[in-house]
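Since the structure comes first, as structure tokens, the remarks are kept for the end.
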Amino acid sequence: MNVKTFYAWSEKKLDERINYFLQQESTEIIDIKFASPLLYFSAMVIYIEKDGSHPSSFGFQNRRQSQ
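Here the numbering used here is used: the first residue of the sequence shown is 3, the next is one more, and so on.
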């Protein structure tokens, strides 16, 4: 079992990041936990890797730098 944490300054951006992650067929989502501290939105996705790949390497670093 693995976790991936997302954060964004707006709900729309958080939704985009989570939806991009959910499109990966190599993951089985167990649960999603949301939080909204004072200045940003965050979510933790709990998942299982189906085929041994690592979903966190599917372009998130590049997407984060471009914003």
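For each residue, glycine too, the CB sits at the ideal point set by N, CA and C.
Ile50 and Val5 do not touch by the CB rule: their CB atoms are close to 11 Å apart, not below 8 Å. Annotation for Glu18: the continuous alpha helix (DSSP H) segment containing it runs 13-24. Close CB contacts of Tyr42 within its chain, under the 6 Å cut and outside five residues either way in sequence, are with Tyr9, Trp11 (chain order). Here Met46 is near Ile34, since their CB atoms are less than 9 Å apart. Just so you know, the alpha carbons of Gln25 and Pro39 end up roughly 26 Å apart.
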